[in-house]
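Enquirer:
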Amino acid sequence: MVSRPDELMSPLTPLEIEALSLSLKVAFLSVVGALPFGLMVAWLLARKTFPGKLIIDGAVHLPLVVPPVVVGYILLVLLSRNGPIGSWMYDTFNISVAFTWKGAALAAGIMAFPLMVRAMRLSLEAVDQRLESAARTLGASRIRVFLTITIPLMAPGILAGVILAFARALGEFGATITFVSNIPGETRTLPLALYSLAQTPDGETGAARLAVIAVLLALGALIASEWLARRLNANRGIG
Amino acid sequence: MIDIDVRSQRGEFKLEASFLSEPGGITALFGPSGAGKTTLIDLIAGLHTPLSGRIVVDDMVLFDSATGVNLPPDKRRIGYVFQEGRLFPHMTVRRNLTYGMRVCRGKIGFDAVVTLLDLALLLNRQPHQLSGGEKQRVAIGRALLTNPRLLLMDEPLASLDAERKGEILPFIERLRDEMRIPIVYVSHIMEEVVRLADTLVLMAHGSTYASGPLEALMARLDLTDLAGRSEAGAVITAEVIEHDAASGLSALAFTGGRLLVPWLDLPLRTQLRVHIRARDVSLALSRPSDISILNIFPGTITEVRESAGTSVEILVDIGVPLRARVTRLAVARLNLKASLHVYALVKAVAIEHGNLGGLIKPNETSDQSPQP
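Going down the list, the protein sequences come from chains A and B. Just so we're aligned: 133 in my numbering is position 133 of the first sequence, and the numbers increase by one with no gaps anywhere. To convert, count from 1 in the second sequence and add 239; that's my numbering.
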């Protein structure tokens, strides 16, 4: 049952490298893709009042409360080559995301979206709008105010949102396996590889090694974000 | 020149304001908290939009509901010094100053502003490392560097203690005298208004009640309550003509004669404004001889106005209008009424440093003030 230490400490195998790099690629793309939408939705929710705001707010948070398998299933129904959106995308652009790593990134992005929006919205609400109007009187256009005042002031929140989303995307399992299946080299991310190994006889050592990698990765992300947050705060004399 | 006539509504608060100020100089918006002063300058800056009306600064229409003109704040070129400074916390003082910097030929440059406001040592600091007075100086500099056609100042001294106020006031006077930037100055402190303002706009309950030259408005008995009862009093322009070290007094000349005041740390021939509060002026029917009061001015009563309580407001022409507040009983006993000849008595010690200010034409030959 317990693996021998030398097996645990040996260098990464090609399969592990494949799962790890795929996971990083999927998580990175999902966060980069979600970022502009996350900012926009956070801005809408923090600053605007409009009819149906409650519905948008609810819809954004849905992946947080619905079982991931359900999200994956909905994506599969909508985006498979026969689905209403998937068939249109295939006919128009000749692309399909179902059963590809891009689909995995989409699933991870959607699952991570609420966490990202939440962190950004909180930090945006904390930005003093009086500073923004001061910048307007100094001749700055709305877009310049957003880029030079709003974004820098909410930077810790953006950072927190990105790190949370990245961690969530790395760990994404249920929606991914339902939507894009578990294809080695294409959609078999680290959690899926770990799951597969755990299901295989004699796979314990491999599963344990992947678990250690996952923990180290998460720890690294946390330390990096803490370091960045301290640097940001030091610049403005907080903490 | 500022020409304003606007109506606005924000939540429950309604504002109706109109005034016209002369070119140059400082226009003070004076009134109690909640009078709508900040709302009014927010409208001028373009941070809020009026329901209707017109805002014109120096022949430039900033807002006109009739023609649909409504310039955004960043196109108005109006500097705004906020009550709380509002420095950008994530930028150094230098970056705060240059954020809105607009370089114009023959206009104020970075170095000139840094010198004027004494900012050289602060440039590389972060806003949280500054004292209240330093923050306000940076805020003033930041607004100045946009080369504004008008500077709005919303109680820039409100958050400062007396010492810091004394530190900032000379800088504001220099803006007026050296930079010649028109300023709209919001305040609820009459002392600051008398020291700085040329045009006075009295506000209360979301309305502008009266506006005009400071001295003319302060001489109006009907505005006593708006200008604040305890601070009501005439403002006269005078010139330092003599310092008497032996008595520790300074003499000022004005149209009505010679006014003795406690020692003034100012060069001779300096012109300044003196605020003589109505409650510090007594009246006599004949010239009193054995009396401690040094300033006695013959004059004629031009107006008697009953006011709330036991006191009566009286306007005496002593060459310039002077205001006196006496009791109802005294009015009856002396039979005070218009066109009566009287002597107005002003205690020299009642004129404190705070009642003096508004250096109109500082002596240019000497920078050093005399020492007692």
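Note that beta-carbon positions come from the ideal geometry of N, C-alpha and C, so glycine has one too. Just so we're clear, the structure is a prediction, and the values are computed from it rather than from any experiment.
Could you check what DSSP says for residue 418 (chain B) in three-state terms: helix, strand or coil?
Expert: One-based indexing of the second sequence puts residue 418 (chain B) at position 179. Helix, per DSSP.
Enquirer: Which of helix, strand or coil does DSSP assign to residue 322 (chain B)?
Expert: What you label residue 322 (chain B) is simply residue 83 of the second sequence in a count that begins at 1. Coil, per DSSP.
Enquirer: Answer yes or no: do residue 190 (chain A) and residue 19 (chain A) have a C-beta to C-beta separation smaller than 9 Å?
Expert: Counted from its first residue, the first sequence places residue 190 (chain A) at position 190. Counted from its first residue, the first sequence places residue 19 (chain A) at position 19. Yes.
Enquirer: So does the stretch 256-268 of chain B actually touch the stretch 434-451 of chain B, counting three or more Cβ pairs closer than 8 Å?
Expert: Yes, since at least three Cβ pairs between the stretch 256-268 of chain B and the stretch 434-451 of chain B fall closer than 8 Å, the two stretches touch.
Enquirer: Of the residues that make up the stretch 128-152 of chain A, which ones have a beta carbon closer than 9 Å to any beta carbon in chain B?
Expert: Of all residues in the stretch 128-152 of chain A, 128, 130, 131, 133, 134, 135, 136, 137, 138, 139, 140, 141, 142, 144, 145, 148, 149, 152 have a Cβ within less than 9 Å of some Cβ in chain B.
Enquirer: Do we get a CB-CB distance below 9 Å when we pair residue 239 (chain A) with the residues of chain B?
Expert: Within the first sequence, residue 239 (chain A) is the residue found at index 239, counting from 1. Low confidence applies to residue 239 (chain A): its pLDDT is 39, below 50, so where it sits in the model is not reliable, and the reading given next is rough at best. No, residue 239 (chain A) lies away from the interface with chain B (no Cβ there is under 9 Å from its Cβ).
Enquirer: Measure from the C-beta of residue 503 (chain B) to each C-beta in chain A and report whether the shortest distance is under 9 Å.
Expert: Counted from its first residue, the second sequence places residue 503 (chain B) at position 264. Not closer than 9 Å to any Cβ of chain A, the Cβ of residue 503 (chain B) fails to qualify, so no.
Enquirer: Which residues in chain A sit within 7 Å of residue 582 (chain B), going by Cβ to Cβ distance?
Expert: Taking the second sequence and counting its residues from 1, one reaches residue 582 (chain B) at position 343. In chain order: nothing, as chain A lies at least about 52 Å away.
Enquirer: From the DSSP secondary-structure annotation, give me the bridge partner or partners of residue 534 (chain B).
Expert: For the purposes of this step, residue 534 (chain B) is identified with residue 295 of the second sequence, where counting begins at 1. The partner list for residue 534 (chain B) (beta bridge, DSSP) reads B:585.
Enquirer: Strictly by DSSP, which residues pair up with residue 242 (chain B)?
Expert: Looking up residue 242 (chain B) in the second sequence gives position 3. Bridge partners of residue 242 (chain B): B:259, B:295.
Enquirer: So what does residue 482 (chain B) bridge to, in DSSP terms?
Expert: To locate residue 482 (chain B), count along the second sequence from 1; it is residue 243. Beta-bridge pairing links residue 482 (chain B) to B:489.
Enquirer: Quick one: Cα of residue 102 (chain A) to Cα of residue 115 (chain A), how far?
Expert: As a working note, residue 102 (chain A) is residue 102 in the first sequence. As a working note, residue 115 (chain A) is residue 115 in the first sequence. C-alpha separation (whole angstroms): 20 Å.
Enquirer: Can you name the residues that DSSP bridges to residue 580 (chain B)?
Expert: The residue given as residue 580 (chain B) occupies position 341 in the second sequence. In DSSP, residue 580 (chain B) forms a bridge with B:539.
Enquirer: So, helix, strand or coil for residue 239 (chain A), using DSSP?
Expert: Mapped onto the first sequence, residue 239 (chain A) falls at position 239. The predicted position of residue 239 (chain A) is uncertain, since its pLDDT is 39 and thus under 50; a value taken from the coordinates is nonetheless stated next. Looking at residue 239 (chain A) - three-state DSSP - the assignment turns out to be coil, as it is neither helix nor strand.
Enquirer: What residues in the stretch 296-312 of chain B bring their beta carbon closer than 8 Å to a beta carbon of chain A?
Expert: Under the 8 Å Cβ criterion, the stretch 296-312 of chain B contributes 311, 312.
Enquirer: Output, in sequence order along the chain, the residues in the stretch 330-341 of chain B whose CB is closer than 9 Å to any CB in chain A.
Expert: Answer set for the stretch 330-341 of chain B: 330, 338, 339, 340, 341.
Enquirer: Using the beta-carbon of each residue, which ones in chain A are nearer than 7 Å to residue 348 (chain B)?
Expert: Here the question's residue 348 (chain B) lines up with position 109 in the second sequence. In chain order: nothing, as chain A lies at least about 16 Å away.
Enquirer: Rounded to whole angstroms, what's the CA-CA distance from residue 61 (chain A) to residue 86 (chain A)? Just pull it up for me.
Expert: Here residue 61 (chain A) corresponds to residue number 61 of the first sequence, with the count starting at 1. Here residue 86 (chain A) corresponds to residue number 86 of the first sequence, with the count starting at 1. Spanning the two alpha carbons is a distance of roughly 24 Å.
Enquirer: At a CB-CB cut-off below 7 Å, which residues of chain A make contact with residue 284 (chain B)?
Expert: Within the second sequence, the letter at position 45 stands for residue 284 (chain B). Within 7 Å Cβ-Cβ: 137.
Enquirer: How long is the line joining the alpha carbons of residue 487 (chain B) and residue 268 (chain B), rounded to whole angstroms?
Expert: Numbered from its first residue, the second sequence carries residue 487 (chain B) at position 248. Numbered from its first residue, the second sequence carries residue 268 (chain B) at position 29. Taking the straight line from one Cα to the other gives about 36 Å.
Enquirer: To test your reading of the DSSP string, which unbroken alpha helix (DSSP H) runs of 4 or more residues are found completely within the stretch 134-174 of chain A?
Expert: 142-145, 155-171, all fully within the stretch 134-174 of chain A.
Enquirer: Can you list the residues of chain A that residue 249 (chain B) reaches, using a CB-CB cut of under 8 Å?
Expert: Working through the second sequence from its first residue, we reach residue 249 (chain B) at position 10. In chain order: nothing, as chain A lies at least about 14 Å away.
Enquirer: Using a beta-carbon distance below 9 Å, is residue 319 (chain B) in contact with chain A?
Expert: Your numbering for residue 319 (chain B) matches position 80 in the second sequence. For residue 319 (chain B), the answer is yes, since a Cβ of chain A falls inside 9 Å of its Cβ.
Enquirer: Using a cut-off of 7 Å between C-beta atoms, extract the partners of residue 325 (chain B) located in chain A.
Expert: The residue labelled residue 325 (chain B) in the question sits at position 86 within the second sequence. Within 7 Å Cβ-Cβ: 130, 131, 134.
Enquirer: Any C-beta of chain A within less than 8 Å: which residues of the stretch 375-389 of chain B qualify?
Expert: From the stretch 375-389 of chain B, only 381, 382, 385 have a Cβ closer than 8 Å to chain A.
Enquirer: Determine the direct distance from the alpha carbon of residue 410 (chain B) to that of residue 265 (chain B), and round the result to whole angstroms.
Expert: Position 26 of the second sequence holds residue 265 (chain B). Position 171 of the second sequence holds residue 410 (chain B). Distance between the alpha carbons of residue 265 (chain B) and residue 410 (chain B) is about 13 Å.
Enquirer: Can you give the beta carbon distance from residue 549 (chain B) to residue 572 (chain B), rounded, assuming they're within the 8 Å contact cut?
Expert: Numbered from 1 along the second sequence, position 310 holds the residue referred to as residue 549 (chain B). Numbered from 1 along the second sequence, position 333 holds the residue referred to as residue 572 (chain B). Actually they do not touch by this definition, with Cβ atoms about 13 Å apart.
Enquirer: Distance, Cα to Cα, residue 303 (chain B) vs residue 69 (chain A)?
Expert: The residue you call residue 303 (chain B) lines up with position 64 of the second sequence. The residue you call residue 69 (chain A) lines up with position 69 of the first sequence. Whole-angstrom Cα-Cα distance: 58 Å.
Enquirer: Taking residue 484 (chain B) as the reference, give the member of B:271, B:504, B:435, B:470 with the closest Cα.
Expert: Position 245 of the second sequence, counting from 1, holds the residue named residue 484 (chain B). It is B:504.
Enquirer: Alpha carbon to alpha carbon, how far is residue 67 (chain A) from residue 276 (chain B)? Give it in angstroms, no decimals.
Expert: Here residue 276 (chain B) corresponds to residue number 37 of the second sequence, with the count starting at 1. Here residue 67 (chain A) corresponds to residue number 67 of the first sequence, with the count starting at 1. Between residue 276 (chain B) and residue 67 (chain A), the C-alpha separation is close to 55 Å.
Enquirer: Residue 421 (chain B): buried (16+ other C-beta within 10 angstroms of its C-beta) or exposed?
Expert: Looking up residue 421 (chain B) in the second sequence gives position 182. Buried is the call here.
Enquirer: Could one say the Cβ of residue 526 (chain B) lies closer than 9 Å to chain A's Cβ atoms, at least one of them?
Expert: Counting from one through the second sequence, the residue named residue 526 (chain B) turns up at place 287. No, because no Cβ of chain A sits closer than 9 Å to the Cβ of residue 526 (chain B).
Enquirer: Skipping 5 residues on each side, what residues in its chain have a beta carbon closer than 7 Å to that of residue 138 (chain A)?
Expert: To locate residue 138 (chain A), count along the first sequence from 1; it is residue 138. Nothing listed; no residue qualifies.
Enquirer: Using a Cβ-Cβ distance cut-off of 9 Å, determine whether residue 316 (chain B) contacts chain A.
Expert: Your numbering for residue 316 (chain B) matches position 77 in the second sequence. Yes, residue 316 (chain B) lies at the interface with chain A (some Cβ there is under 9 Å from its Cβ).
Enquirer: Would you please verify whether the beta carbon of residue 328 (chain B) is less than 9 Å from any beta carbon of chain A?
Expert: What you label residue 328 (chain B) is simply residue 89 of the second sequence in a count that begins at 1. Yes, residue 328 (chain B) counts as interfacial toward chain A.
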